[in-house]
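One structure below.
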């Protein structure tokens, strides 16, 4: 049987965790504070730019997905980019936030890439179950 509906809840859970769990990992912030000596203010700025970039890119990304024929490929790319940026952020961070501009840039890009996940998953789900199954 080639029915994708039974796996959709599991994919949704994984993508939600990837989007809201991995990208905003408090352990990353704890690592930056304890090992790289970032201040609470610097961590707050990183959370802020991540959140704002995610919110501001949500509508354009949703519009883009409405007309895309490559939804699965884009979700795969966004997932991979989110994981890569999550790993790069602590690796590239210099002590005391000496390269804060680079880390802010990474968090902005990460916010944009994570906004692809709900829009893409919604589009894929809608294509599988149709509008009547999308409740």
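Residue numbers (our numbering): 2 to 136. Backbone N, C-alpha and C define an ideal beta-carbon position, used for all residues, glycine too.
When DSSP labels each residue in this structure, what does residue 54 get in the three-state scheme? helix
Nearest by alpha-carbon distance to residue 105: which of 43, 123, 11, 36 is it? 43
Determine, using beta-carbon pairs with one atom in the segment 29 to 48 and one in the segment 64 to 81, whether at least three such pairs fall under 8 angstroms. no
Where the alpha helix (DSSP H) containing residue 100 begins and where it ends: Where residue 100 is concerned, there is no enclosing alpha helix (DSSP H), given that its DSSP letter is neither H nor E.
Residue 40, DSSP secondary structure in three states: coil
Across the segment 116 to 130 and the segment 57 to 71, are there enough close Cβ pairs to call them in contact, namely three or more that are closer than 8 angstroms? yes
Would the segment 122 to 131 count as touching the segment 82 to 95 if we require 3 or more Cβ pairs under 8 angstroms? Contact fails: fewer than three Cβ-Cβ distances are below 8 angstroms.
Any alpha helix (DSSP H) of 4 or more consecutive residues that is wholly inside the segment 59 to 100: Whole alpha helix (DSSP H) segments, 4+ residues: 72 to 93.
Using only alpha-carbon positions, find the residue among 98, 10, 126 that is nearest to residue 72. 126
Would you kindly check if the distance between the Cβ of residue 116 and the Cβ of residue 29 is under 9 angstroms? no
Residue environment, residue 39, which counts as buried when at least 16 other CB atoms sit within 10 Å: buried
For residue 16 and residue 53, what's the separation of their Cα atoms in angstroms? 20 angstroms
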